[in-house]
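**Q**
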Amino acid sequence: MKYFQLLCSLLITLNLSAQNFVGETFKHQVESKPYETTREIDVYVPFSYTEMPADSFMVLYIFDGQFDPYFTMTSHMAEYLYGMGEFPPFIAVGIRTDDRPKEFTPKARSTGKEAEWGGESDKLEDFLANEVFPLVERTYRTKPLRLGIGHSLAGTFVSDCIFTQNELFKGVISISPNTVYDKEQLAFNLNKSLTDGSKIQAFHFMTAGTEGDMENNFRKSSNKLDSIYKAHPQPGFIWQYETYNGLSHGLTPPRSVSEGLVAFANTIQLNENKALDWLETDSTTYIENVQNYYSGLSEWLGYPSKPSIDDINNYGYLAAGANMWQTALSFFDWGSTAFPDDANIYDSKGEALENLGEYAEAYKAYTTASEKLALQKDEYDQETYDYYIEIFKENAKRVKEKM
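Throughout the sequence shown, residue numbering follows mature numbering (1 follows the signal peptide of the UniProt record, and there is no 0), covering -18 to -1, 1 to 385 in sequence.
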């Protein structure tokens, strides 16, 4: 069954009982050695976390978590994009801050006022690496994939994490960062990493507005960062810089979060347009190109990354949409091998075989879909189960009449 059809049905179910499909926020107390006090973090767990008990989730670390509207907007934007199929499953962690200037800025290289009010980001790095990350990763089912999101001075912090290669995050969304701090220390750190032989394997999405004196000062220095990257590009360092005309410092976050999340998702997920290009260029190498993509992605991420069953199913239906049923079947075979308990992939396999005129094998696949679903009956409400089992059985009945 084509995943879009499946999604439509799920959306109907969601609309009928939306009150049951909400996430939860949990608070955790952390006894912090670097800060010598108890600190609190917030963890937002979307509904999808409880619905996929066998899966692990990437983690969004949202700085300035003490500002609840910002934390809620960011985590719910990610959840909306997930619901639309534009972002992978995730959990979100809000990092609260007591003294933003000190906690978000690296030690000043120059003498001056910055040395007096800033320069203690090393404590935050210690807090994250040795206290927060271990707590989150032993409490929740997480992937070794972290995306840091920060605005203003928090943007300064997340950018510097990438530029100094401290490996806290694989990617960051740096929203209107203060790039003038300490005589443009960020520019110095970025240039050093790009010219000293280091290889940065990371994602960096940065934004700037055009309204207000402060924002324009930041933007000028951010432009310099962009020029430094363009002078020394690296293939594994994924860089995107966006300027938002008409937006001030306080108005850049909503658009930055939305576009940054989608950009990161497109980095760690195969874009449908790219898959279509491969299919249209040479259908015989389509599945090989998809598999090679995930091999390269695994190397970049530093851990094995495989497509979900829904991804494999959708790649197959791209071929089916072009009436390339043999190519589609190769994906459905891949999916049924990688995910042998998934009922829907057998239904997809049956459709491909039916279109290829292999009716006996199609009947077998449709029947297997019903059998797999029956074994998982307890995981569905009765209405949803009845809907799918009827489809699978009707498919088997139809193809049996062709045999």
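Where is the CB? At the ideal position from N, CA and C, for every residue including glycine. The structure presented is a predicted model; accordingly, all values stated were derived computationally and were not measured.
#1: Taking 8 Å as the cut-off, does the segment 136 to 153 touch the segment 35 to 51 (at least 3 CB pairs, one atom from each stretch)?
#2: DSSP on residue 386, reduced to helix/strand/coil?
#3: Quick one: what does DSSP say residue 273 is sitting in, helix, strand or coil?
#4: For my contact list, residue 91 and residue 183 are in at a C-beta cut-off of 8 Å; report their separation, rounded to the angstrom.
#5: Along the chain, which unbroken stretches of the alpha helix (DSSP H) at least 4 residues long are found entirely within the segment 173 to 216?
#6: For the segment 88 to 145, which segments carrying the alpha helix (DSSP H) assignment without a break, of at least 4 residues, lie completely within its bounds, in sequence order?
#7: Got a sec, what are the start and stop residues for the beta strand (DSSP E) residue 230 sits in?
#8: Excluding the 5 residues preceding and the 5 following residue 192 in the sequence, name in chain order all residues of the same chain whose CB lies nearer than 6 Å to its CB.
#9: Beta-carbon separation of residue 34 and residue 70 under 8 Å?
#10: Taking the alpha-carbon positions, what's the residue 122 to residue 314 distance?
#11: Between residue 304 and residue 252, which are expected to be in contact by the criterion C-beta below 8 Å, what is the C-beta distance as a whole number of angstroms?
#12: How should residue 214 be labelled, buried or exposed, when 16 other C-beta atoms within 10 angstroms of its C-beta is the threshold for buried?
#13: Bridge partners for residue 380 per DSSP, in chain order?
#14: Using C-beta distances below 6 Å, list every residue in its chain close to residue 334, excluding the 5 sequence neighbours before and after it, in chain order.
#15: Hey, would you say residue 55 sits closer than 8 Å to residue 329, going by beta carbons?
#16: Residue 42 lies in the beta strand (DSSP E); which residues open and close that run?
#17: Since residue 212 and residue 185 are thought to touch, with beta carbons under 8 Å apart, how far apart are those beta carbons, to the nearest angstrom?
#18: Take the Cβ of residue 60 as the centre, count every other Cβ of all protein chains shown within 10 Å, and call the residue buried at 16 or more, exposed below.
#19: Look up residue 152 in the DSSP assignment and say whether it is helix, strand or coil.
#20: For residue 119, which residues of its own chain have a beta-carbon under 6 Å away from its beta-carbon, when the five flanking residues on both sides are left out?
#21: Three or more beta-carbon pairs under 8 Å between the segment 279 to 288 and the segment 228 to 245, yes or no?
#22: For residue 29, which three-state DSSP category applies?
#23: So for residue 288, helix, strand or coil by DSSP?
#24: Do three or more CB pairs link the segment 9 to 18 to the segment 100 to 114 at distances below 8 Å?
#25: Just to confirm before moving on: does the CB-CB distance between residue 187 and residue 155 stay below 8 Å?
#26: List the DSSP bridge partners of residue 58.
#27: Check the Cβ-Cβ distances between residue 59 and every residue of chain C, and say whether any is below 8 Å.
#28: For residue 142, count neighbouring Cβ atoms within 10 angstroms of its own Cβ and tell me buried if that reaches 16, exposed if not.
#29: Who pairs with residue 14 in a beta bridge, going by DSSP?
#30: Excluding sequence positions up to five away, which residues of its chain have a Cβ less than 6 Å from the Cβ of residue 108?
#31: Can you name the start and end residues of the beta strand (DSSP E) that residue 72 belongs to?
#32: Hey, could you find the ends of the alpha helix (DSSP H) residue 329 is sitting in?
#33: For residue 169, collect the residues of the same chain with a Cβ closer than 8 Å to its Cβ; drop the 5 residues on either side in sequence, then sort them by chain order.
#34: Buried or exposed, going by whether 16 or more other CB atoms sit within 10 Å of the CB of residue 163?
#35: If you draw a straight line from the alpha carbon of residue 101 to that of residue 289, how long is it in whole angstroms?
**A** This is what the structure holds:
#1: Result yes; three or more Cβ-Cβ pairs closer than 8 Å.
#2: There is simply no residue 386 to check, as the chain begins at -18 and stops at 385 in what is shown.
#3: Helix at residue 273.
#4: Taking a contact as a CB-CB distance under 8 Å, the pair residue 91 and residue 183 does not count as one, their CB atoms being some 26 Å apart.
#5: List check, alpha helix (DSSP H) in window: 195 to 213.
#6: As summarised for the segment 88 to 145, the continuous alpha helix (DSSP H) elements at least 4 residues long and confined to that stretch are 95 to 99, 103 to 109, 115 to 121 and 135 to 145, given in chain order.
#7: Boundaries of the beta strand (DSSP E) harbouring residue 230: 219 to 230, taken from the DSSP string.
#8: The answer, listed in chain order, is 227.
#9: No; because the gap between Cβ atoms is not below 8 Å, this pair is not in contact.
#10: If you take the alpha carbons of residue 122 and residue 314, they lie about 31 Å apart.
#11: Residue 304 to residue 252, Cβ: 17 Å. No contact.
#12: The residue in question, residue 214, is exposed, as its Cβ has fewer than 16 Cβ neighbours within 10 Å.
#13: Answer is none; residue 380 lacks a bridge partner.
#14: Taken in chain order, the residues that qualify are 307, 310, 311 and 314.
#15: The answer is no: Cβ separation not under 8 Å.
#16: Residues 39 to 45.
#17: Incorrect: roughly 16 Å between the Cβ atoms, too far for contact.
#18: Residue environment analysis places residue 60 among the buried positions, since at least 16 neighbouring C-beta atoms fall within 10 angstroms of its C-beta.
#19: Residue 152: coil per DSSP, three-state reduction.
#20: Residues of the same chain with a CB within less than 6 Å of the CB of residue 119, apart from the 5 flanking positions on each side, do not exist.
#21: Taking a cut-off of 8 Å on C-beta distances, the segment 279 to 288 does not touch the segment 228 to 245, as fewer than three cross pairs fall below it.
#22: Here residue 29 sits in helix by DSSP.
#23: Residue 288 sits in coil when the DSSP states are folded into three classes, being neither helix nor strand.
#24: A contact between stretches requires three or more CB pairs, one per stretch, nearer than 8 Å, and the segment 9 to 18 meets this requirement with the segment 100 to 114.
#25: Cβ atoms of residue 187 and residue 155: closer than 8 Å.
#26: As far as DSSP is concerned, residue 58 takes part in no beta bridge.
#27: In the displayed structure, chain C is absent; only one protein chain is listed.
#28: Per the 10 Å Cβ criterion, buried.
#29: DSSP output for residue 14 lists 19 as bridge partner(s).
#30: Cβ within range, chain order: 16.
#31: Start and end: 72 to 77.
#32: Where residue 329 is concerned, the enclosing alpha helix (DSSP H) stretches over 325 to 337.
#33: For residue 169, the CB contacts under 8 Å within the same chain, skipping 5 residues up- and downstream, are 161, 203, 206, 207 and 210 in chain order.
#34: Burial call: buried.
#35: Cα to Cα, residue 101 sits roughly 42 Å from residue 289.
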